[in-house]
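Here's the structure, in structure tokens; my notes come after.
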Amino acid sequence: MQEEIDRLMMEIQRSKFTERRTEVRQPFARPVKIHLPHGPTLKAFAKDLSSQGIGIITDVEFQPKSIAVLEIHSVMTDPVCLRGEVRWCDKHGKGWFLIGWKFIGVSPRPAST
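When the count follows the working numbering, it moves up by one through the sequence shown with no breaks and lands on 113 for the last residue.
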């Protein structure tokens with residue numbers, strides 16, 4: 001069992017050496033709705049957050065430069081809605097993707113929530 005756990009711990013260490021972010025991110029586990037401009041609303045989950053962007057895990061692959069409204073769950077008040085642009089999208093296990101979004105503006109809450 002320890003060998004398997006050590007292997008996962010090594011993956012964490014390896015990811016630290018390939019860090020692309022310029023801002024420090026904080027762990028941030030919250031539901032997120034991704035509102036596409038001309039498509040469905042997707043359900044996803046936040047992984048981490050900074051003042052410039054958010055890491056989101058979803059089962060849909062996105063292309064860099066894609067734009068969407070991110071409706072981020074708040075435990076204190078109404079959801080926070082921000083426009084975001086995909087900076088990168090990496091495979092994150094079979095059928096899952098980790099997506100780096102850069103915040104580009106505030107957005108009103110979409111009607112189809």
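Note that CB positions come from ideal geometry on N, CA and C, so glycine has one too.
These figures come from a predicted structure and were not determined experimentally.
DSSP state of residue i mapped onto helix, strand, coil
i: residue 87; result: strand
i: residue 71; result: strand
i: residue 26; result: strand
i: residue 6; result: helix
For residue i, the nearest candidate out of the options (CA to CA)
i: residue 27; options: 47, 39, 8; result: 47
i: residue 60; options: 87, 91, 54, 82; result: 91
i: residue 65; options: 88, 53, 1; result: 88
i: residue 41; options: 52, 67, 29; result: 67
i: residue 31; options: 3, 107, 49; result: 49
i: residue 73; options: 54, 24, 11; result: 54
Straight-line Cα distance separating residue j from residue i
i: residue 70; j: residue 104; result: 11 Å
i: residue 8; j: residue 93; result: 13 Å
i: residue 33; j: residue 109; result: 11 Å
i: residue 100; j: residue 76; result: 25 Å
i: residue 82; j: residue 24; result: 19 Å
i: residue 107; j: residue 84; result: 10 Å
i: residue 1; j: residue 11; result: 16 Å
i: residue 102; j: residue 86; result: 6 Å
Other residues of its chain near residue i: CB distance less than 8 Å, five sequence neighbours each side excluded
i: residue 97; result: 57, 58, 59, 60, 61, 62, 89, 90, 91
i: residue 37; result: 67, 68
i: residue 78; result: 109
Same chain, Cβ closer than 7 Å to residue i, five either side skipped, listed in chain order
i: residue 114; result: The chain is shown from 1 up to 113; residue 114 falls before or after that span and cannot be answered.
i: residue 80; result: 72, 74
Boundaries (first-last residue) of the beta strand (DSSP E) holding residue i
i: residue 31; result: 31–35
i: residue 111; result: First-last for residue 111: undefined, no H or E at that position.
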